[in-house]
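Under the numbering used here, the first residue of the sequence shown is numbered 1, with each subsequent residue one higher.
C-beta: ideal position from N, C-alpha, C; glycine also.
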Amino acid sequence: MYRTSSPSAPEPVAVAAPAPDPDPAPAPTPRRLSREALRRAVRPGIWKRAPVLTGAALLLGLVMLLHAYVPNRFGTVGSLVETFLPWFGLFVPVLAAGALWRRSPAAVTALVLPVTVWLSLFGGLLTDKSHPGGDLTLATHNVGADNPDPAGTARGLAASGADVLALEEITDQDRDVYEEELAEAYPYHAVLGTVGVWSRLPLSDTRPVDIATDVGPLAATKPADVRMAGNRALRTTVATDQGPLTVYVAHLGSVRLNPGTGFWTDSRDRNIRALGEVLAADRSERVVLLGDLNGSLDDRAFDGVTSQVHSVQEAAGDGFGFSWPARFPVARIDHILVRGVEPDSSWVLPATGSDHLPVAARVSW
């Protein structure tokens, strides 16, 4: 017989333990991490990243800070910038995202300038400054010459509860509709040309206001009825329990934006200068200006008016109160401005058939 023997088990092999690191790296500490971050931050190369983004951030801040010095000589660029100045803030998050993506501390630091300037200009409009109370409710609306539903527009405005209501861009064919629909709520009214005022309180001394609508050598030759048909501003006195209130209603000339002329504002600027002179000469204790002024009050062209009367929206509104265009408002060109009364609140009314939104305000004595 053959005997088999089982193979012997292999001898265990001793494995030497790894030698301890004679100089182990110390565990990172907050202090060490801070020093490392500082070391990386002060490297000259990192501050050279994204110079275009850095320059864009600085330019954005300077344009907003010095908007009054953007020249109007070519294409009225300065007024165009000022009309849409609040929207310049939208560039900040875009530039911030680019700065973070490029890991550019220079671009991030440069963004401090536009953020600070924007907040100083418009930060106050981010809060609701309205408060309850008020003696009188005012409203104004450019009802639109192409309004497909003037009757519905009139009913909506009457439901707003306004004590004094100003309408602009009233056409001959729609005038009777507004007078009929508003007669029950407003026993007193006056329409001169394309502007009108409706009131729950008595009106007196209503007359047209010359805002230099007709100019040129042929203006003086137009008959009175022709000039009156195109009248775009009026002045009236409202009898309140607290005394007389002088009310102006105005619809300033339109502005145009096209490649050939740029931002064309000639007629509006002529109107606003004339209106500013009228307001400066009016010694009434209490004055209200209602209307479609076809511009933002940030526009330098309005300095002659804003030095005489002040925006209710800026003093007691909630937000920016944009009123045009009605489908997607991007600018407040419809205004309620006051002198001698206290603004309590200001708001935008629901849309009508017009391309403008109506705006309203409460004031007190």
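Quick one: what does DSSP say residue i is sitting in, helix, strand or coil?
| i | result |
| --- | --- |
| residue 244 | strand |
| residue 153 | helix |
| residue 253 | coil |
| residue 109 | helix |
| residue 236 | strand |
| residue 326 | coil |
| residue 188 | strand |
| residue 337 | strand |
| residue 376 | It is not possible to answer for residue 376, since the shown part of the chain is limited to 1 through 365. |
| residue 136 | strand |
| residue 93 | helix |
| residue 359 | strand |
| residue 117 | helix |
| residue 175 | helix |
Please report how far the alpha carbon of residue i lies from the alpha carbon of residue j, in whole angstroms.
| i | j | result |
| --- | --- | --- |
| residue 142 | residue 334 | 8 Å |
| residue 367 | residue 72 | The chain is shown only over 1 to 365; residue 367 falls outside these bounds and no answer can be derived. |
| residue 175 | residue 304 | 32 Å |
| residue 371 | residue 338 | In the structure as shown, the chain begins at 1 and stops at 365. Residue 371 is therefore absent and cannot be evaluated. |
| residue 132 | residue 197 | 25 Å |
| residue 93 | residue 84 | 17 Å |
| residue 342 | residue 53 | 45 Å |
| residue 157 | residue 185 | 10 Å |
| residue 172 | residue 178 | 11 Å |
| residue 144 | residue 275 | 22 Å |
Once the 5 residues before and after residue i are set aside, which same chain residues still bring their CB inside 8 Å of it?
| i | result |
| --- | --- |
| residue 62 | 113 |
| residue 50 | 98, 99, 102, 104, 106 and 107 |
| residue 75 | 261, 262 and 263 |
| residue 325 | 355 and 356 |
| residue 364 | 133, 134, 135, 136, 341, 342 and 344 |
To the nearest whole angstrom, what separates the beta carbons of residue i and residue j, a pair I think is in contact under 8 Å?
| i | j | result |
| --- | --- | --- |
| residue 340 | residue 277 | With a Cβ gap of about 19 Å, residue 340 and residue 277 do not count as contacting. |
| residue 366 | residue 230 | Residue 366 lies beyond the residue range present for the chain, which begins at 1 and ends at 365; the question has no answer from this structure. |
| residue 209 | residue 235 | 5 Å |
| residue 79 | residue 265 | 6 Å |
Can you name, in chain order, every residue of its own chain whose Cβ lies under 6 Å from the Cβ of residue i, other than the five neighbours on each side?
| i | result |
| --- | --- |
| residue 345 | 130, 316 and 362 |
| residue 244 | 237 |
| residue 292 | 142, 168, 251 and 334 |
Leaving out five residues before and five after residue i in sequence, what residues of the same chain have Cβ atoms less than 7 Å from its Cβ?
| i | result |
| --- | --- |
| residue 323 | 329, 332, 333, 334, 348, 356, 357 and 359 |
| residue 202 | 188 and 239 |
| residue 48 | none |
| residue 1 | For residue 1, the predicted model reports a pLDDT of 45, less than 50, meaning its position is unreliable and no value from the coordinates is stated. |
Taking only runs of the beta strand (DSSP E) that begin and end inside the region 40-78, which ones reach a length of at least 3 residues, in chain order? Uninterrupted beta strand (DSSP E) stretches at least 3 residues long and entirely within the region 40-78 do not occur.
What ranges does the alpha helix (DSSP H) occupy inside the region 258-314, keeping only unbroken runs of at least 4 residues that lie completely in it? Taken in chain order, the whole alpha helix (DSSP H) runs of length 4 or more contained in the region 258-314 are 266-281 and 303-306.
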